[in-house]
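In mature numbering (1 follows the signal peptide of the UniProt record, and there is no 0), the protein residues as written are -17 to -1, 1 to 655.
Backbone N, C-alpha and C fix where the C-beta goes; we use that ideal spot for every residue, glycine too.
Written below as structure tokens is the structure these notes are about.
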Amino acid sequence: MALRCCMLLLKLQVCIAALQILIANGLEAELAIKSEFMSLDCVDRMVLSINGKVPGPTLRVQPGELVQITVHNMMPSQSVSIHFHGQYQNNTPWQDGAATFSGCPIPAQTSWTYSFHANPTPGTYQYHSHVGGTSVGGVGGVLVIEGAVSEATAAIDGEHVLHLFDWWHAPQEEILTGLMSTQFRWPGDPQSVLINGRGSFDCDSNAMYTCNITAGASCSDSKGPIAPANLRPWYRPEYQPPQCDASACPDIEVFEVSMNGTYLLRLIGATSLSFLNVAVEGHNLTIVETDGHPAAPLEVSSVDLNSGQRLGVLLQANQQPGTYVIRVQIRGRSGVRFAHALLRYTGSPNVTVDPLGVQIPQPAWHDNNFTFQQQNALRGTQSLPVPPNKQVVRRFEIVNTQERLGGKNSNGKPSVDSIQAAIGLGSERPENNCDSAGNTRLLRWFLGRRTFFHSATPVLSKLYFNQGVDELTEDNSYYQVEVGKVYDIVVQNYPACNGVCETHSFHLHGMPFWVLGTFRGEFNGSAEQVAAFNLVDPPMRDSIMTPSEGVDNKPAVRAGCGYVVIRFKPIGPGAWPFHCHQLLHAAPMGSIVVFHTGPEGLPPPPSNLLVCGGMNLQTIMNRLKDNKDNKDSNTTNTTRKDGKLVSDARQMTYLLSLCLLLLPYFIQGWPV
Ligand SMILES: [Cu+2]
């Protein structure tokens, strides 16, 4: 009898231990953000690190798990936030970390805790600051929701994470100041690309440029003149960055694989400007995941990845054992930089490799056909079926233009309902607004011919506390949508003021979307164009590119130069920005619109709500008191106050039901 009792107790202990693992209390992490001096690419400069590193730690969570992240802002004078890029924030819109949209930034020298449930399915995500240029300065990292995103990744032998970032030698504040000045100063292409925070700048040569530095003359690259030489020292071939020290370069990143193994590479597009292409010497790659969603396997020789995008790709280690070069190359802009890492088969000799000396087939910077074809070749696996055309309640037609601003936030007749109306005729057309008028007009990006200026009061606070809600008009680029309804967006690319049709990457907060297709030319809404949308197997993503058109990305005529069509269905209430993820185009230059679900149905703010802008404390307290009074008079109210309470209650329920389910086995023994 005693033995039987002991066995029963042992089983119970094992069971409880297993249950504790199953229902672990979620991820709790601390991110300490501070400014410090560091050499990421052989050049010592001030960087914004997380827990002493760039990028910050890779956060790994289970699907649906409670995530509690405490951010300690240890910077001397800069506010910060953390946006969990690609997380739906279903019923936790205040935790989106997009300053001025979902909440206030975290002031310098203070801490704040984010609390939300991770997306319900496995996938590759990232996090980064969403305040001014702080992410340009280094505040970001990778978020992985663990598990197999699809059947293709169920039997892998291992995985490697590649966080891809672009890096300037000028401090981020100087870069943003130049972009936001009427005497516009373009910072130029980045000096380096970093793989997991490691890059390599050649201290002795900046040979990709030639410059005539006599007064008024320009620097050129292989494409032609690019910038006035006197204002852009980093374009000069003899440019000597301060504190460049070849002996201080970080070691090249090495990824180990075993012979005949299959590996998942998680590629994270964390750049602020650059559009990248990734290739591995001697190995093809198979794309199986797009931004956290399963994709039909697509085998390619190299992959395009733009800012905000993530790709899961499989690599088969099926070549001669040895060391192979992984190359990341900037595309879409002529200032091509490279980053390198190594793929090493376990047990192969530790040889020195000159990465630049290795030939790897990759598309040229201006090969926009490659981008167009690869983006269109991606197919979803219908994890969530695409809603049919008849459910679409509004199609937003948004043309993306660059102009010098003459009015409050537009130059003329904006529209998000007709590309043709927005582009206009004759003198109304965007290219007629490219005169700086003696450096008095700001150079901005416009969506639907409106450029976006941030509101000091967060959009959610305006909605919830009914403070300045009248300013959330379509005329100010705020568009109201409803949870569960279906919307389309056509993002129309258009040549910038210099005639170049740039590649952009657009990211939607709070939900994924279906990509119905990428097309050449200009959208006019014809039956033929609409019939070309892919309603069979569109891939799901949260960030999508508008590719370029024309020779050297310069179309022969000023007209729409390619468009992408997406379909979205808001999952939960909130204020969800849709913006260019070329971050230099967004926060400082206005390439942003906001989809919000209005004041109805918004969950109450968290108890640690920050106050900023025009938020009025008395109104806030009155509203919160109203909530409390309502709650006290309604005992069946189940509105969550914060994620932890819900999680604790949910976990107790799981525990009790599982233990009840298993009770007969404890008493009678396990069935055999
Ligand atoms: Cu852009």
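Roughly how many angstroms separate the alpha carbons of residue i and residue j, rounded to a whole number?
{"i": "residue 19", "j": "residue 226", "result": "14 Å"}
{"i": "residue 352", "j": "residue 358", "result": "10 Å"}
{"i": "residue 621", "j": "residue 501", "result": "The predicted position of residue 621 is uncertain, since its pLDDT is 32 and thus under 50; a value taken from the coordinates is nonetheless stated next. Near 44 Å, if we compare the C-alpha coordinates of residue 501 and residue 621."}
{"i": "residue 191", "j": "residue 313", "result": "13 Å"}
{"i": "residue 361", "j": "residue 286", "result": "11 Å"}
{"i": "residue 254", "j": "residue 367", "result": "29 Å"}
{"i": "residue 42", "j": "residue 201", "result": "45 Å"}
{"i": "residue 440", "j": "residue 11", "result": "29 Å"}
{"i": "residue 570", "j": "residue 215", "result": "23 Å"}
{"i": "residue 442", "j": "residue 555", "result": "15 Å"}
{"i": "residue 107", "j": "residue 126", "result": "6 Å"}
{"i": "residue 505", "j": "residue 568", "result": "22 Å"}
{"i": "residue 231", "j": "residue 23", "result": "9 Å"}
Checking 7 Å against the spacing of the C-beta atoms, do residue i and residue j come in under that value?
{"i": "residue 587", "j": "residue 605", "result": "no"}
{"i": "residue 63", "j": "residue 119", "result": "no"}
{"i": "residue 565", "j": "residue 331", "result": "no"}
{"i": "residue 295", "j": "residue 218", "result": "no"}
{"i": "residue 141", "j": "residue 39", "result": "no"}
{"i": "residue 550", "j": "residue 471", "result": "yes"}
{"i": "residue 310", "j": "residue 262", "result": "yes"}
{"i": "residue 386", "j": "residue 346", "result": "no"}
{"i": "residue 552", "j": "residue 469", "result": "yes"}
{"i": "residue 545", "j": "residue 503", "result": "yes"}
{"i": "residue 37", "j": "residue 180", "result": "yes"}
{"i": "residue 49", "j": "residue 33", "result": "no"}
{"i": "residue 354", "j": "residue 521", "result": "no"}
{"i": "residue 578", "j": "residue 464", "result": "yes"}
{"i": "residue 283", "j": "residue 135", "result": "no"}
{"i": "residue 527", "j": "residue 547", "result": "yes"}
Determine the DSSP secondary structure at residue i, reduced to helix, strand or coil.
{"i": "residue 91", "result": "coil"}
{"i": "residue 381", "result": "strand"}
{"i": "residue 121", "result": "coil"}
{"i": "residue 141", "result": "strand"}
{"i": "residue 272", "result": "strand"}
{"i": "residue 37", "result": "coil"}
{"i": "residue 260", "result": "strand"}
{"i": "residue 410", "result": "helix"}
{"i": "residue 600", "result": "helix"}
{"i": "residue 21", "result": "strand"}
{"i": "residue 221", "result": "coil"}
{"i": "residue 135", "result": "helix"}
{"i": "residue 208", "result": "strand"}
{"i": "residue 605", "result": "helix"}
{"i": "residue 415", "result": "helix"}
{"i": "residue 485", "result": "coil"}
{"i": "residue 554", "result": "coil"}
{"i": "residue 76", "result": "helix"}
{"i": "residue 266", "result": "strand"}
Do you know whose CA, among the options, lies nearest residue i's CA?
{"i": "residue 318", "options": "223, 589, 98, 535", "result": "535"}
{"i": "residue 315", "options": "176, 348, 356", "result": "348"}
{"i": "residue 454", "options": "23, 293, 389, 437", "result": "437"}
{"i": "residue 576", "options": "233, 205, 269, 383", "result": "383"}
{"i": "residue 607", "options": "512, 550, 448, 377", "result": "448"}
{"i": "residue 248", "options": "277, 298, 216", "result": "298"}
{"i": "residue 598", "options": "70, 444, 552", "result": "444"}
{"i": "residue 260", "options": "288, 270, 244, 394", "result": "288"}
{"i": "residue 221", "options": "161, 193, 156, 173", "result": "193"}
Is it buried or exposed for residue i, if we count other Cβ within 10 angstroms and need 16 for buried?
{"i": "residue 424", "result": "buried"}
{"i": "residue 183", "result": "buried"}
{"i": "residue 21", "result": "buried"}
{"i": "residue 539", "result": "exposed"}
{"i": "residue 35", "result": "exposed"}
{"i": "residue 376", "result": "exposed"}
{"i": "residue 508", "result": "exposed"}
{"i": "residue 525", "result": "buried"}
{"i": "residue 416", "result": "buried"}
{"i": "residue 456", "result": "exposed"}
{"i": "residue 573", "result": "buried"}
{"i": "residue 189", "result": "buried"}
{"i": "residue 322", "result": "buried"}
{"i": "residue 175", "result": "buried"}
{"i": "residue 117", "result": "buried"}
{"i": "residue 242", "result": "exposed"}
{"i": "residue 481", "result": "exposed"}
Compare the C-beta of residue i against all C-beta atoms of chain D and say whether one is closer than 7 Å.
{"i": "residue 484", "result": "Protein chain content of the structure displayed is limited to a single chain, and chain D is not contained in it."}
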